[in-house]
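Using the working numbering, you'd call the opening residue of the first sequence number 609 and step up by one each time.
All C-beta atoms in this analysis are idealised placements derived from N, C-alpha and C, irrespective of residue type, glycine included.
One structure is given below, encoded as structure tokens.
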Amino acid sequence: MSNVSYSMDKIYSHKKIEDIIYSEWEKRGYFKPEINPAGRPYSIILPPPNANGNLHFGHAMFTIEDILIRYHRMKGFAALWLPGTDHAGFETQFVFEKHLANEGKSRFDYDRETLYQMIWDFVQKNREGMESQLRKLGFSLDWSRMKFTLDPDIISIVYKTFKKMYDTGLVYRAKRLVNYCTYDGTSFSDLEVVMKDTAGILYEISYSIKGGGEIIVATSRPETMYGDAAVMVHPEDLRYKNLIDKSVLIPLTDREIPIVADEFVDKEFGTGAVKVTPLHNFDDWEVGQRHELSGIQVIGFDGKMQNTGVVDGLFTKEAREKTIELLEEKGFLRGKKGYDTTRRTCYKCRNVLEPLPLEQWFIKVKPLAEKAIDAVKKGKIKITPRNFESVYYQWLENLRDWNISRQIVWGIRIPAWFCEKCSNWTITEGKTPEKCSKCDSKSLRQDPDTFDTWFSSGQWPFATLLSQSSSNSKFKIQNSKLESSSDFEKFYPTSVMETAYDILKSWVTRMVMFGIYLTGDVPFRQVLFHGIVNDPYGKKMSKSKGNVVNPLELIDRYGADSVRFALIYGNATGNDQSLSYTKLEGARKFTNKLWNIARFINMKQETLNSKSEIRNNLTIEQLKNETINKLDKEWVGKIGELVPEITRYLDSYQFNLAAERLYEFIWHEFADKYIENVKGRIDKDSFLVLSSLFLVQLKLLHPFMPFVTEEINEQLSLEKKMLIISDWPES
RNA sequence: GGAGCUGUAGCUCAGAGGUAGAGCAUUCGCUUCACAUGCGAAGGGUCACAGGUUCAAAUCCUGUCAGCUCCACCA
């Protein structure tokens, strides 16, 4: 052995080659769809990672998208994978405020413009890191089409959407109870609320009836009684029937309110009588609407009590204690029971959300949701795995109007101006209006709020394609359809939307609704869901648990190919998985196996070549005709069957099966059996079969393990083109 | 209170109407000139449980149990 010198290293070293190959692909423009000018369009929009931090393991699952893109590129499609990042409004501002807090500052120390600029700078720093991480994973994204949700052209599209929805009556402004976080200072949509079971107390409080007597009311939030609008009983409740329409006095303040009847009341619960506080409770708000009652807002947006005359200035929790103390002192408190209830809490800071009345912009979702449901029912959009269809339907069927106003700075400011004179709202496509659209007054004031992040990211598929400027025109290809048509015309609807199932509701449904509304067509033909990557013990990775693994560390240790392969292998599409070090190790050994097959071929190549010129690259069809040796012929046939098998798996999104089959075949069939067999009898003819068949397998494997396959092809000079743009094998 | 997913070898998980699979682990044997990140072999499973459909069920249906996840405005 020692007397043979190999031109290839004994061990495959990913560190030496991955970055080099990636920049070579990119430099040559291979990530652009224009590389296949005559090809049919195939497009995937990358779900834009938040611009506020590092990639997590979920993002590494986008490997699936890279596999699809590389596969279609090799099949000759004009394959576009469009990258982008999301400003992630509240999420980012929250992270940034934590940084401020570390410096002893808060958002209140800056004016709007300064704060926005500071977050902008903060985000720009993080964006670069995130982009380089996507490159490290080998993702063949067309960086020339990179988009950010706060790019001016994207913002302009978002403005137009808002105006159109306003003009057609789908957007309206209303004072409603919203989920308001008094710590973060913003409201949230229903989707962003986390329900938390908490142990509470049910208090029974006596309200005295005007003209004599009392009625006992059960409540878990006595501090809101100062804002009561009524006491409510069931109309059929014999205990209280004769009290309906009488008045009672709120304890401690003696404000007079009516007793009303509503079938909403559960006679069996508590005392059968409840207080109605429309401005601080969602149910009571509904009741208030029915009975035209409003009560008083006694909790301010700062989380402190107001307008009570008793506990003003106290936080709600203190106010509750104080109120109970006073009620007890004055003899109004009649009972206390342990009572478990669910509280709405902020998904970020975990504090209790207050239902507070606030004027907000809402989207009338029903007409949009109906069309979105229809699109899937009629098969215009397919969802894989299929069981997520029911989640999709269930969500859209029960949707309430969507509050899109956020009281934060970091985001797209709503293009709505309020007229101080006539209270009319003037909506524009972004430009500051000179005067009120109704009364021509010039005293206008812009809504300080910004859009919910999902309002803009819901428009992402068409916004990214519509906003592609002429920057790509320098990449000119003659006779290309691309030259004459825009990205939108060519690539919309996109082929596949591949994303984690946990944003089915917040993102996928919104994209479908906006897509149909604004373009008349669905935003994508196929939705593909992948699962969550948990830590090695099956626990969800989270910063607070400290079990987050950075994909970059693993890429450094095992190589990008191994990380990609380990995520795909042995994991059925859509299922969660736990990070597995043995799987990573196994994948790395597999890359090494490939490398050593290559070394063997390389060695034979060099020995044979020294005698005469050899051929090494025939198609399966050619091999079938030219191969004479019976055993070689058999193996040509086997590979001939492998090709359609892998192709079928890819077409049906069974990536794990494709990966498992390739692993099994290459290692335990081709290497263990064929190479062992051919070893002793290698000549020019059998070498031709050997190297050609290996090349076919490298191509089949390329979408999964792009780096090592590319490098091997380079070393062996089997295929003249780089594998990334080579033709998908046929058999 | 609803909905979904999962339950297969010691571990992690694929698979799927027709004799149970992989990786890791275990045991035995190999310095064979591509690879010890390797090669050859071996052991190991009532496919959660109970019914049903079928010539045939681990696979399809129903129910039960266990775990996970998501959704839900009752005071």
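With DSSP run on the structure shown, which of helix, strand or coil describes residue i?
i	result
Asp948	strand
Thr700	helix
Thr1181	coil
Leu1326	coil
Ile858	coil
Asp1129	coil
Asn1321	helix
Gly692	strand
Phe1099	helix
Ile907	strand
Lys755	strand
Ser1339	coil
Phe1408	What is shown of the chain runs 609 to 1339, which leaves residue 1408 out entirely.
Tyr718	coil
Asn1142	strand
Ser1186	strand
Trp1033	strand
Ile1016	coil
Gln1086	Residue placement at Gln1086 is flagged as unreliable, the pLDDT there being 41, under the threshold of 50; a coordinate-derived value is accordingly withheld.
Arg847	coil
Could you name the residues that DSSP lists as bridge partners for residue i?
i	result
Asn1011	Phe970
Asp805	Thr950
Glu1106	Leu1136
Tyr788	Ser795 and Glu962
Glu812	Ala826 and Gly943
Glu864	Leu857
Asn658	Asp694
Arg681	For Arg681, which the question treats as bridged, DSSP gives no partner whatsoever.
Tyr780	Phe970
Met913	Ile907
Count the other C-beta atoms from every protein chain shown that fall within 10 angstroms of the C-beta of residue i, then say buried if there are 16 or more, exposed otherwise.
i	result
Thr1034	buried
Asp1048	exposed
Gln725	exposed
Pro1023	buried
Lys804	exposed
Tyr1166	buried
Tyr650	buried
Gly821	exposed
Leu846	exposed
Trp893	buried
Ile1254	buried
Gln1086	Any reading at Gln1086 must be qualified, since the residue scores a pLDDT of 41, below 50, and its modelled position is unreliable; no value is offered.
Gly1288	exposed
Val802	exposed
Ile1252	Correcting the residue type first, residue 1252 is Pro in the shown sequence and not Ile. Answer is exposed; the Cβ neighbour count stays below 16.
Gly697	buried
Ser1078	At Ser1078 the pLDDT is 47, less than 50, meaning the model places this residue with poor confidence; the figure from the coordinates comes in the next sentence. It counts as exposed.
In terms of residue numbering, what span does the beta strand (DSSP E) encompassing residue i cover?
i	result
Tyr650	Pro649 to Ile653
Gln1054	Leu1052 to Gln1054
Lys623	Looking at the DSSP string, Lys623 is not in any beta strand (DSSP E); the run it does join, the alpha helix (DSSP H), is His622 to Lys635.
Thr1072	Not the beta strand (DSSP E): Thr1072 falls in the alpha helix (DSSP H), residues Trp1068 to Leu1074.
Ile1254	It is not in any beta strand (DSSP E) - Ile1254 instead sits in the alpha helix (DSSP H) that spans Lys1238 to Asp1259.
Phe1026	Ala1024 to Cys1027
Less than 8 Å between the C-beta atoms of residue i and residue j, yes or no?
i	j	result
Phe1263	Ile675	yes
Met1149	His664	yes
Thr794	Ile1020	no
Val868	Met840	yes
Pro691	Thr757	no
Arg942	Ile813	yes
Asp761	Ser1075	yes
Leu860	Val918	yes
Val884	Ala826	no
Thr953	Leu964	no
Pro830	Thr992	no
Leu1326	Asn1225	yes
Ile551	Trp1068	Given that the chain is displayed from residue 609 to residue 1339, the structure contains no residue 551 and the question cannot be resolved.
Where do the ends of the alpha helix (DSSP H) carrying residue i lie?
i	result
Val1171	Ala1168 to Ile1176
Met773	Pro760 to Asp775
Val1386	Here the chain has residues from 609 to 1339 only, and residue 1386 is not among them.
Ile991	That residue, Ile991, is in no alpha helix (DSSP H); its beta strand (DSSP E) goes Lys990 to Thr992.
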